[in-house]
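Just so we're aligned: the sequence shown equals residues -19 to -1, 1 to 183 in mature numbering (1 follows the signal peptide of the UniProt record, and there is no 0).
Backbone N, C-alpha and C fix where the C-beta goes; we use that ideal spot for every residue, glycine too.
Beneath this line is the structure, given in structure tokens, with notes to follow.
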Amino acid sequence: MKYFLISLTLLLFACASFPKKNNLESISGHTPTVINPYFSDLAMDYIYKAKINFADKSFGGIFVIKKMGPEHHRVVFTTEMGNKLFDFSFIKNEFRINFIPSEMNKKILINLLKRDLFVLINENPKILNQYRKMGDSIFLETKLKNNTYFYLTADERLHKILKTKGSKDKSSYIFAEIENDHAREIKIRHKNIKLTIDLKAI
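Listed below in structure tokens is the structure:
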């Protein structure tokens, strides 16, 4: 009986929600107007030196994100010599492949890039719940797929996005070296998938 209770306790803990496991306190009140401002300026080309690792392959080059209009972004990745590696458009919830070479034209890779980039450029996801953590940090649970949480620091600056399943985070998007609503360094990591993306502004 004792071992059954211990096993049941461990099972319940493992199945706990992300807010509960991370001691997040539910709150209500003010919500920032723009949650993710890092790719919101129509007049700016966001240019990064990039490295993408997928399985046993590595791709390096120049990564450009351009806001073309409301809910419309274009993402282009080229080699440093200017040869295009992929060219995607996001228009509201529509995803378009403008170009991708055969060596990167893998369904699993395209789907992963599509999900990651959609999270990265989404400015105002629908907020489902708000939570607070010690130090006045705020977690915003959003309607993006897979229980996605936007982590804001005390000054309402987006620091991190977490995609979760149950109580565990599956993917993380870290924003650093932030200057005037421009994240100069971005890291994307996945727990169980061999895909990493590193972006450094140039």
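#1: Is the beta carbon of I102 less than 9 Å from the beta carbon of K48?
#2: Helix or strand or just coil, what does DSSP make of I28?
#3: Along the alpha helix (DSSP H) that carries K2, what are the first and last residues, could you check?
#4: Quick check: what's the CA-CA separation for N17 versus V100?
#5: Using 10 angstroms around the beta-carbon of F80, count the other beta-carbons present and answer buried if the total reaches 16, otherwise exposed.
#6: Tell me which same chain residues have a C-beta within less than 6 Å of the C-beta of L176, skipping the five on either side of it?
#7: Quick one: what's got a C-beta closer than 6 Å to K65's C-beta in the same chain, skipping five residues either side?
#8: From the DSSP output, which residues share a beta bridge with Y112?
#9: Excluding five sequence neighbours on each side, which residues of the same chain lie with their C-beta closer than 6 Å to the C-beta of V57?
#10: For A182 and H140, what's the separation of their Cα atoms in angstroms?
#11: Have a look at K114 and Y132 and give me their C-alpha separation to the nearest angstrom.
#12: Quick check on the DSSP output: the beta strand (DSSP E) that includes R55 runs from which residue to which?
#13: Comparing C-alpha positions only, which one of M25, E160, I142 and F71 sits nearest to K168?
#14: According to DSSP, simplified to helix, strand and coil, what is I178?
So, from the listed chains and residues:
#1: yes
#2: strand
#3: F(-2) to K2
#4: 10 Å
#5: exposed
#6: F35 and L93
#7: T59 and F80
#8: S7 and F120
#9: V45 and D68
#10: 16 Å
#11: 10 Å
#12: H53 to T59
#13: I142
#14: strand
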